[in-house]
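Trainee: Start counting the sequence shown at 7; every next residue gets the next number (this note's numbering).
Beta carbons: idealized from backbone N, C-alpha and C, even for Gly.
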Amino acid sequence: AIEAGRNRLGKSGRLVIRPSGTEPLIRVMAEGDDPQLVEAVVNEIVGILQETRSAA
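1) Could you pull the start and end residues of the beta strand (DSSP E) that L21 belongs to?
2) Any idea if G11 is buried or exposed, counting beta-carbon neighbours within 10 angstroms, 16 or more meaning buried?
3) Starting from E37, trace the beta strand (DSSP E) in both directions and tell me its first and last residue.
4) Here's the rule: buried if 16 or more other CB atoms are within 10 angstroms of the residue's CB, otherwise exposed. What is L31?
5) Return the Cβ separation of V47 and R14 in integer angstroms, given the expectation that the two are a contact with Cβ distance under 8 Å.
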């Protein structure tokens, strides 16, 4: 999902997923030319992370 998100954002976009250094959570940050695409990519990854957390 992460690589697919990077591919969808293309060369003009950026996607960073990392653990927070101060809180027990994962940060999902993205930027790109198309705000709707950026939001869709972030929402997809957040959804997968939430599903994974619920299954654990």
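Mentor: From the atom records:
1) R20 to P25
2) buried
3) First-last of the beta strand (DSSP E) with E37: I32 to E37.
4) Exposed.
5) At roughly 6 Å, the Cβ-Cβ gap stays under 8 Å, so V47 and R14 are in contact.
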